[in-house]
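Chemist: Protein chains in written order, with the working numbering: chain G, 675 to 985; chain U, 3 to 317. Just so you know, even glycine gets a beta-carbon here, dropped at the ideal spot from N, CA and C. It should be emphasised that the depicted structure is a prediction, and the values quoted were computed from it without experimental measurement.
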Amino acid sequence: MRKPPPVRRLTGNEGYAPRVEVAPPPSEVSARTAGQNGNGHRPSSAFAAPSSRTTRGTSIAIERMQVEELSVTYGSKPAVKSVSLPIRQGEVLALIGPSGCGKTTLLRSLNRLTELTRGASASGRITLDGVDIASMEPTALRRRVTMVFQQPNPFPMSVFDNVAYVLREQASRRPRRAAVRGAVHEALARAGLLDEVADNLGHPALRLSGGQQQRLCIARALAAYPEVLLLDEPCSALDPQSTRLIEELITKLREDVAVVIVTHNLQQAYRIADYVAFMYLGELVEYGSAQKMFGAPRQSRTREYVSGAFG
Amino acid sequence: MTAAPARRPDRSTASWRLSDRLGLGLAWLLGLLFCAIAAAIVIYFLVEGIRYLRPNLLVTNPAAASSESQSGGFLDPLLGTLIVGAMAMAIAVPVGIGIAVWLSEFGRPTGLARVAESSIEMLAGEPSVVLALFGTILFTAPALGFLSQTTHGVVLGQSFFATAALLSLVGLPLVVASTREGLQAIPSHVREASYAVGKTKIATTRRVLLPAARPSVVTGTMLGLGRVISDTAIVLLLLGGTLTFSTANSTPVLGLLRGTGDTLTGYIYYNAPTGDGNQPSKAYAATFVLLLMVLALNLGVDFVLSRSRKAVTWR
Numbered sequence: 675m676r677k678p679p680p681v682r683r684l685t686g687n688e689g690y691a692p693r694v695e696v697a698p699p700p701s702e703v704s705a706r707t708a709g710q711n712g713n714g715h716r717p718s719s720a721f722a723a724p725s726s727r728t729t730r731g732t733s734i735a736i737e738r739m740q741v742e743e744l745s746v747t748y749g750s751k752p753a754v755k756s757v758s759l760p761i762r763q764g765e766v767l768a769l770i771g772p773s774g775c776g777k778t779t780l781l782r783s784l785n786r787l788t789e790l791t792r793g794a795s796a797s798g799r800i801t802l803d804g805v806d807i808a809s810m811e812p813t814a815l816r817r818r819v820t821m822v823f824q825q826p827n828p829f830p831m832s833v834f835d836n837v838a839y840v841l842r843e844q845a846s847r848r849p850r851r852a853a854v855r856g857a858v859h860e861a862l863a864r865a866g867l868l869d870e871v872a873d874n875l876g877h878p879a880l881r882l883s884g885g886q887q888q889r890l891c892i893a894r895a896l897a898a899y900p901e902v903l904l905l906d907e908p909c910s911a912l913d914p915q916s917t918r919l920i921e922e923l924i925t926k927l928r929e930d931v932a933v934v935i936v937t938h939n940l941q942q943a944y945r946i947a948d949y950v951a952f953m954y955l956g957e958l959v960e961y962g963s964a965q966k967m968f969g970a971p972r973q974s975r976t977r978e979y980v981s982g983a984f985g
Numbered sequence: 003m004t005a006a007p008a009r010r011p012d013r014s015t016a017s018w019r020l021s022d023r024l025g026l027g028l029a030w031l032l033g034l035l036f037c038a039i040a041a042a043i044v045i046y047f048l049v050e051g052i053r054y055l056r057p058n059l060l061v062t063n064p065a066a067a068s069s070e071s072q073s074g075g076f077l078d079p080l081l082g083t084l085i086v087g088a089m090a091m092a093i094a095v096p097v098g099i100g101i102a103v104w105l106s107e108f109g110r111p112t113g114l115a116r117v118a119e120s121s122i123e124m125l126a127g128e129p130s131v132v133l134a135l136f137g138t139i140l141f142t143a144p145a146l147g148f149l150s151q152t153t154h155g156v157v158l159g160q161s162f163f164a165t166a167a168l169l170s171l172v173g174l175p176l177v178v179a180s181t182r183e184g185l186q187a188i189p190s191h192v193r194e195a196s197y198a199v200g201k202t203k204i205a206t207t208r209r210v211l212l213p214a215a216r217p218s219v220v221t222g223t224m225l226g227l228g229r230v231i232s233d234t235a236i237v238l239l240l241l242g243g244t245l246t247f248s249t250a251n252s253t254p255v256l257g258l259l260r261g262t263g264d265t266l267t268g269y270i271y272y273n274a275p276t277g278d279g280n281q282p283s284k285a286y287a288a289t290f291v292l293l294l295m296v297l298a299l300n301l302g303v304d305f306v307l308s309r310s311r312k313a314v315t316w317r
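(1) Give me the chain U residues within the contact set of Thr779 (chain G), using Cβ-Cβ distance strictly less than 7 Å, ordered along the chain.
(2) For Met739 (chain G), go through chain U and note every residue whose CB falls closer than 9 Å to its CB, in chain order.
(3) Does the separation of the CB atoms of Asn63 (chain U) and Leu77 (chain U) fall below 8 Å?
(4) What residues in the segment 208-219 of chain U have a beta carbon less than 8 Å from any beta carbon of chain G?
(5) Do you know offhand how far Arg918 (chain G)'s Cα is from Ala838 (chain G)'s?
(6) State buried or exposed for Phe829 (chain G), treating a residue as buried only when at least 16 other CB atoms are found within 10 Å of its CB.
(7) Which chain G residues are close to Pro189 (chain U), counting only those with a beta carbon under 8 Å from its beta carbon?
(8) Determine the closest residue to Ile924 (chain G) out of G:Arg945, G:Gln824, G:Ser910, with distance taken between C-alpha atoms.
(9) Relative to the C-alpha of Asp233 (chain U), which candidate in U:Gly74, U:Ser73, U:Ser130 has its C-alpha closest?
(10) Answer with yes or no whether the minimum CB distance from Ser196 (chain U) to chain G is below 8 Å.
(11) Over the uninterrupted beta strand (DSSP E) stretch that includes Tyr748 (chain G), give me the two end residues.
(12) Determine the closest residue to Gly184 (chain U) out of U:Pro282, U:Ala90, U:Thr221, U:Leu32, with distance taken between C-alpha atoms.
(13) According to DSSP, is Ala861 (chain G) helix, strand or coil?
(14) For the segment 894-903 of chain G and the segment 929-941 of chain G, state whether three or more C-beta atom pairs, one from each stretch, are separated by less than 8 Å.
(15) Does any C-beta atom of chain G lie closer than 8 Å to the C-beta of Ile205 (chain U)?
(16) Which of helix, strand or coil does DSSP assign to Met810 (chain G)?
(17) In chain G, which residues lie with their C-beta within 7 Å of the C-beta of Thr202 (chain U)?
(18) To the nearest angstrom, how far is it from the Cα of Thr112 (chain U) to the Cα of Ser795 (chain G)?
(19) Considering only the beta carbon of each residue, do Gly969 (chain G) and Val950 (chain G) sit closer than 8 Å?
(20) If I follow the unbroken beta strand (DSSP E) through Met831 (chain G), where does it start and stop?
(21) Keeping to the same chain, check which residues put their C-beta closer than 7 Å to that of Met295 (chain U); ignore five residues upstream and five downstream.
(22) Considering only the alpha carbon of each residue, which of U:Thr276, U:Ala41, U:Ser150 lies closest to Leu241 (chain U)?
(23) Please list, in chain order, the chain G residues whose beta carbon lies closer than 7 Å to that of Trp18 (chain U).
(24) Comparing C-alpha positions only, which one of U:Gly277, U:Leu266, U:Val303 sits nearest to Thr83 (chain U)?
(25) Could you spell out the range, first to last residue, of the beta strand (DSSP E) harbouring Ile188 (chain U)?
(26) In the structure shown, what three-state DSSP assignment does Ser797 (chain G) receive?
(27) Are the C-beta atoms of Ala874 (chain G) and some chain U residue less than 8 Å apart?
(28) Under 8 Å, Cβ to Cβ, is there at least one residue of chain U near Met967 (chain G)?
(29) What is the DSSP secondary structure of Met968 (chain G), reduced to helix, strand or coil?
(30) If you run the structure through DSSP and keep just helix, strand and coil, what is Gln151 (chain U)?
(31) Using the three-state DSSP reduction, which class does Tyr272 (chain U) fall into: helix, strand or coil?
(32) Quick check: Leu174 (chain U) and Gly137 (chain U), are their CB atoms within less than 8 Å of each other?
(33) Can you grab the Cα-Cα spacing for the pair Ala861 (chain G) / Arg894 (chain G), in whole Å?
(34) Which chain U residues sit within Cβ distance under 9 Å of Met953 (chain G)?
(35) Starting from Thr315 (chain U), find everything on chain G with Cβ-Cβ shorter than 7 Å and list it in chain order.
(36) Does any CB atom of chain G fall closer than 8 Å to the CB of Val117 (chain U)?
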């Protein structure tokens, strides 16, 4: 068994800190939109019972990534406008907002997948464990900040090879199967899939059910022990039962990986997120703890969105 | 109230306008006509071929004789078809896959990619006799003399090498088109999933995209091979159409490949009723064999396509 290295490459100012319930200070965000003061309003009715939340986070949070003044444009069209927020291990951060609000672009900026889109340009700074990601090799960054997509997309190979592919160097066929077997089993176990596929590791991954495929994609993303796991609407193509399994998995995973999830589904954000960032038209309107965002959002836009007034 | 029985949609054309009915009739007529023509060709040669095909035709070599009983079989042309097909596809498949990957996955510099794309389309529309003529100019160049035979300082320019090189250009467009189509059918999120675990484009192409596009590569290869073994002009001009192999020297394999020979198409050309040999029964028998090979390739394509349509894939 390989021991999971839960904390890597820590820099001086990081470490174990007591978890704060209030929104950390992305002060420029609230300052920018302070005109629409929403303080003191009644909690929105749709999520009036925060006590029903069962997924309160862990007691420690380690800051992994820091987004500073990130702006992304496609051609001349701005997609993300000057967004700043922290991403911490030990918590699930949900990015919510209506379609086209820039949340997926923000997510894809975190592992520089936006660079593959022609015409995309970014400004601002994103750090991973204190190091500017712009200075890293994209492939090295993407091994540490992995991603799961909306549609399950296992590679056209066996279940085993889907995970082993990630563990091997680029297109190499080495290390051999026996050498990676332990790590493959472990990744499948962490994604809660091992019991279901243990006897069929050689079967084509595309023959699994949709929910199993998506958990295989999560296993694949976890295999190299990344610091950050990005999830882009991972359940929107799945049935409720598979969705429940994956949501349970996500709340477990936040212990050893920082989880960022983009979701259209407010109930899902409410069920699994510890922190929520609400984006609208490319701007980060509000960022705060899930309780606050669903219970007593400060911005009227947030309140309207989480209560279903628009979306 | 009982539910009314579901009414079947009205299929009769009684209510159609006259022009529409005439159009429908014409469509049927032409459709059946094409089926009839295709069936007539195949059935005619199958019947004629079976009538004249004797097992010993497949194992004896052609001989120059005016009577059908002494002019032998077509062993060398049959082998020639197999050799030429294998050699041409050995060039066309790797090159074609490379071009398809470049066009589909990289496509840069954009201008060059566009030029390459239309060049390949042009190549597909080129009459093969034009390619053959170009090949004769190319392979009679002294610098390429080592690929054929040289007598008294004159490069002959006819050899299996020259033929395969030019025939590969006949098969290439089909390999490129099919492979490219297969690659483009893969959703972009599958590529991104591979990049998103730290893989390079090259690793993604080798381990994810090409395996996923394999049915398309196989289809393109079989279609290309079908075109290659059906070509006549290149064989006549560049392989010599010499009925039997005539090796360049005694080196086992190289001597054969640098020498001249023939294929089934060349043999049929020679033995056609209007050809130099004028031995129709031999031509029919050879046509039957060639037709079987092409039909088998077409059936193979259908098989691969129907299997890949049934295969599980991404949404």
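Modeler: Walking through what the data contain:
(1) Simply none; closest approach about 13 Å.
(2) By Cβ distance, chain U contributes nothing, its closest Cβ being about 15 Å from Met739 (chain G), past 9 Å.
(3) yes
(4) Arg208, Arg209, Val210, Pro213, Ala214
(5) 27 Å
(6) buried
(7) Gln825, Asn827
(8) G:Arg945
(9) U:Ser130
(10) yes
(11) 734-748
(12) U:Thr221
(13) helix
(14) yes
(15) Ile is not the amino acid found at residue 205 (chain U); the sequence shown has Ala there. Taking Cβ atoms only, chain G reaches closer than 8 Å to Ala205 (chain U), which makes this a yes.
(16) coil
(17) Thr813, Gln844
(18) 20 Å
(19) no
(20) First-last for Met831 (chain G): undefined, no H or E at that position.
(21) Ile231
(22) U:Ser150
(23) Ordered by position in chain G, no residue passes the 7 Å Cβ test against Trp18 (chain U), which lies about 44 Å from the chain.
(24) U:Leu266
(25) Where Ile188 (chain U) is concerned, there is no enclosing beta strand (DSSP E), given that its DSSP letter is neither H nor E.
(26) strand
(27) Looking at the sequence shown, residue 874 (chain G) is not Ala but Asn. With 8 Å as the cut-off, Asn874 (chain G) does not count as an interface residue toward chain U.
(28) no
(29) The residue asked about is misnamed: residue 968 (chain G) is Phe in this sequence, not Met. Of the three classes helix, strand and coil, the one that applies to Phe968 (chain G) here is helix, per DSSP.
(30) coil
(31) helix
(32) no
(33) 7 Å
(34) Ordered by position in chain U, no residue passes the 9 Å Cβ test against Met953 (chain G), which lies about 21 Å from the chain.
(35) Leu880
(36) no
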